[in-house]
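Student: Handing you a structure now.
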């Protein structure tokens, strides 16, 4: 499976390469209907399938976390559709660079190439790339380059709780900022709404909740109430506790209900 | 949903509409959606919006926070009986 790689240009224009001694050898140009029989887990994405941006390291006064997305002000993607690679520090230019893409788009490509797991931005995965040639033969393929790894939720309810939580936290974010007396640490957390959401994404994607009954944001009480159909297991509880510890809020479990209570101003 | 509503002595918020039908008309106009009043009191009112798409739910969540006439008490979201749809409950208080 690892000896081949596909380069996705469009559904009707996909290049198949063999990898020999780390270099690409052009083999064929195929269409999406022929992809199912190609057994490779690697797909190179051409530039139109992802976005990248850089910012000066000096403008980021902290080391970005792996899950942190730095360019929320530049992305037009809805949060539930966003997939990104951890920010990469470019020592030569003293910048942080990050790549992101549409999760739906990648999952659509994955549907055409069922064995695909790793989606490499072309400019990250290839070196010695001759742009004048019709194909990428002889370009060096960096097998260990960072890639997108979109995962389709097998649990609709899981997706549901994530989308809701993400959506509502985006909606509710203006309140949250007012619930706290800022410290520098809190500023980092709360001024980046996507980071806040991604905390929940981690929480949710590692949970096997059978379903969300109700999610309530109570502004009067400064609390969030989550009711699920099933009890939370220990791992889920631990994740929620971790989340709350970072937010410095009080957590109360009661069977299939949990309350996150924020400090009052 | 549990919890009491804290009332201020002096409030910049208006009184809620006098009748349920008046409230439904007022909030339907504001949200551009048919608002159904599921709880109606002198100081508290709960609106229910059913079977919303994700986009519509987001729109309402955004819009409900921008109404400065009444104090937003709470917002609840739950799965609708229709697949991939949401029900939203918005509670406002008069003070």
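Chains as they are written, first to last, in this note's numbering: chain A, 1 to 265; chain B, 1001 to 1095. All residues carry an ideal CB built from backbone N, CA and C; glycine is no exception. Here the structure is a predicted model, which means the values were calculated and not measured.
(1) List, in chain order, every chain A residue whose beta-carbon is nearer than 8 Å to that of residue 1072(B).
(2) I want to see whether chain A comes within less than 8 Å of residue 1078(B), judged by CB atoms only; does it?
(3) Let's test the definition: count the other Cβ atoms within 10 Å of the Cβ of residue 119(A) and tell me whether it reaches 16, buried, or not, exposed.
(4) Cβ of residue 1075(B) less than 8 Å from any chain A Cβ?
(5) Classify residue 105(A) as helix, strand or coil using the three-state DSSP reduction.
(6) For residue 127(A), list the residues DSSP reports as bridge partners.
(7) Is residue 98(A) helix, strand or coil by DSSP?
(8) Can residue 124(A) and residue 136(A) be called in contact, C-beta distance under 8 Å?
(9) Could you pull the start and end residues of the alpha helix (DSSP H) that residue 1063(B) belongs to?
(10) Quick one: is residue 37(A) near chain B, going by C-beta distance under 8 Å?
(11) Should residue 7(A) be listed as close to the ligand NAP, given that the test is whether its C-beta is under 7 Å from any heavy atom?
(12) Name, please, each residue of chain B whose Cβ falls closer than 8 Å to the Cβ of residue 45(A).
(13) In terms of alpha-carbon separation, which member of 1020(B), 1086(B), 1022(B) and 1016(B) lies closest to residue 1056(B)?
(14) Do the CB positions of residue 96(A) and residue 77(A) come within less than 8 Å of each other?
(15) So residue 1025(B) is in the alpha helix (DSSP H); what residue range does that whole segment cover?
(16) By how many angstroms is the C-alpha of residue 7(A) removed from the C-alpha of residue 23(A)?
(17) Measure the beta-carbon distance from residue 949(B) to residue 1051(B) and round it to whole angstroms, keeping in mind my assumption that it falls under 8 Å.
(18) Within the same chain, show all residues whose beta-carbon is closer than 6 Å to that of residue 31(A), passing over the 5 residues directly before and after it, in chain order.
(19) If residue 1093(B) sits next to residue 1070(B), beta carbons under 8 Å apart, how far is it from one beta carbon to the other, in whole angstroms?
(20) Report the rounded CA-to-CA distance for residue 114(A) versus residue 1045(B), giving the unit in angstroms.
(21) Kindly indicate if chain B contains any beta-carbon less than 8 Å away from that of residue 213(A).
(22) Taking residue 228(A) as the query, report the chain B residues whose CB atoms sit under 9 Å from its CB, ordered along the chain.
(23) Enumerate in chain order the residues of its own chain whose CB-to-CB distance from residue 140(A) is below 6 Å, with the five nearest sequence positions on each side excluded.
(24) DSSP on residue 182(A), reduced to helix/strand/coil?
(25) Is any beta-carbon of chain B found at less than 8 Å from that of residue 216(A)?
(26) With DSSP run on the structure shown, which of helix, strand or coil describes residue 1080(B)?
(27) Can you check DSSP and say which residues form a bridge with residue 235(A)?
(28) With which residues is residue 151(A) paired in a DSSP beta bridge?
(29) Am I right that residue 150(A) and residue 214(A) are in contact with their C-beta atoms under 8 Å? What's the rounded C-beta distance?
(30) Quick one: grab the DSSP three-state call for residue 70(A).
Tutor: Looking at the atomic coordinates:
(1) 219
(2) yes
(3) buried
(4) yes
(5) helix
(6) 140(A)
(7) DSSP places residue 98(A) within a strand segment (E or B) once states are collapsed to three.
(8) no
(9) 1054–1064
(10) no
(11) This structure does not include the ligand NAP; it has no bound ligands of any sort.
(12) The premise fails here: residue 45(A) is roughly 26 Å from chain B at the closest Cβ pair, so nothing lies under 8 Å.
(13) 1086(B)
(14) no
(15) 1020–1031
(16) Their Cα atoms are separated by approximately 14 Å.
(17) Because residue 949(B) is not part of the residues shown, which for chain B are 1001 to 1095, the question remains open.
(18) 12
(19) That belief holds up - the Cβ atoms of residue 1093(B) and residue 1070(B) are roughly 7 Å apart, short of 8 Å.
(20) If I take the Cα positions, the gap works out to 51 Å.
(21) yes
(22) The premise fails here: residue 228(A) is roughly 11 Å from chain B at the closest Cβ pair, so nothing lies under 9 Å.
(23) 22, 23, 127 and 128
(24) Because residue 182(A) sits at a pLDDT of 34, beneath the cut-off of 50, its placement in the model cannot be relied upon, and the following sentence gives the value as read from the coordinates. If DSSP states are grouped into helix, strand and coil, residue 182(A) belongs with coil.
(25) Judged by the 8 Å Cβ criterion, residue 216(A) is in contact with chain B.
(26) coil
(27) In the DSSP secondary-structure assignment, residue 235(A) is not bridged to any residue.
(28) Its beta-bridge partners do not exist; DSSP assigns none.
(29) With 8 Å as the limit, residue 150(A) and residue 214(A) do not qualify as a contact, their Cβ atoms being about 29 Å apart.
(30) coil
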